[in-house]
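50 is the number of the first residue of the sequence shown in the numbering used here; add one for each residue after it.
Cβ atoms here follow ideal geometry from the backbone N, Cα and C, with glycine treated the same way.
Model, not experiment: these values are computed from the prediction.
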Amino acid sequence: MPPPIQAVFTITGPEYIQAMRRHYRQKLKLVKDGAASLLAIALGAYLVQSRGQSLGWVLIGLGVALLLMVIYAVWLMPILMYRYQPKLLSEYQMSFQEDGITFQTDQIHSQLQWLIYHSWLRDDLFYILYHGKRDLSVIPRRAFSSEADNQLLELLHRRIGPPVK
Numbered sequence: 050m051p052p053p054i055q056a057v058f059t060i061t062g063p064e065y066i067q068a069m070r071r072h073y074r075q076k077l078k079l080v081k082d083g084a085a086s087l088l089a090i091a092l093g094a095y096l097v098q099s100r101g102q103s104l105g106w107v108l109i110g111l112g113v114a115l116l117l118m119v120i121y122a123v124w125l126m127p128i129l130m131y132r133y134q135p136k137l138l139s140e141y142q143m144s145f146q147e148d149g150i151t152f153q154t155d156q157i158h159s160q161l162q163w164l165i166y167h168s169w170l171r172d173d174l175f176y177i178l179y180h181g182k183r184d185l186s187v188i189p190r191r192a193f194s195s196e197a198d199n200q201l202l203e204l205l206h207r208r209i210g211p212p213v214k
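Printed below as a string of structure tokens:
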């Protein structure tokens, strides 16, 4: 069995926020939602302006609500998540092996099985491992040497499958 791939890091606020924004840009349909909200606002404004219809106000309200939800998800929620998750302020010690991941912080010590992860992605700065419907782990790539980064990439392909696009 190959030696474990070690990572020791403390994720910073800006890193976590950037990773979560990357996640939400990946998972949400921002262009579609933004276009739909702007279209609803524009159509609603037209209906109010030209015909005084109350349907116009409903469309404006729905468009503004959708736009605010997108803004909340992409810009505000990552900040709040980092601020209110004390475990994110701790130093992480992780060990990736064929049989699972050892995960340790000041508050947590656990052995995770690969089966809990259903997908992952990798960009220039992060690995994001997905488990559950809304749960994920953010691991900065700076925590790995070049060789360890390549080994982890191969391990993730073997244990979880190809990354999400």
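Exercise for the section: Compute the beta-carbon to beta-carbon distance between Leu116 and Gly149, rounded to the nearest angstrom, for a pair I have assumed lies under 8 Å. Expected result: About 42 Å separates the beta carbon of Leu116 from that of Gly149, a gap too long to meet the 8 Å contact definition.
Exercise for the section: Report, in whole angstroms, the separation of the C-beta atoms of Ile66 and Leu204, which I expect to be a contact under 8 Å. Expected result: Their Cβ separation, rounded to whole angstroms, is 27 Å, which puts Ile66 and Leu204 out of contact at 8 Å.
Exercise for the section: Provide the residue span of the alpha helix (DSSP H) that contains Ser103, from first to last. Expected result: 103-120 is the extent of the alpha helix (DSSP H) around Ser103.
Practice task
May I ask you to report which of helix, strand or coil DSSP gives Ser195?
Solution key: Ser195: helix per DSSP, three-state reduction.
Exercise for the section: Note the first and the last residue of the continuous alpha helix (DSSP H) segment covering Leu96. Expected result: Following the DSSP letters along the chain, one finds Leu96 inside the alpha helix (DSSP H) bounded by residues 79-100.
Exercise for the section: Less than 8 Å between the CB atoms is what I'm expecting for Val57 and Ala197, so what's the real figure, rounded? Expected result: Between Ala197 and Val57 the Cβ distance is about 11 Å, and since that is not below 8 Å, they are no contact.
Problem - Range covered by the beta strand (DSSP E) that runs through Tyr177 - result: Looking at the sequence provided, one finds Ile at residue 177 rather than Tyr. Ile177 -> beta strand (DSSP E) spans 175-180.
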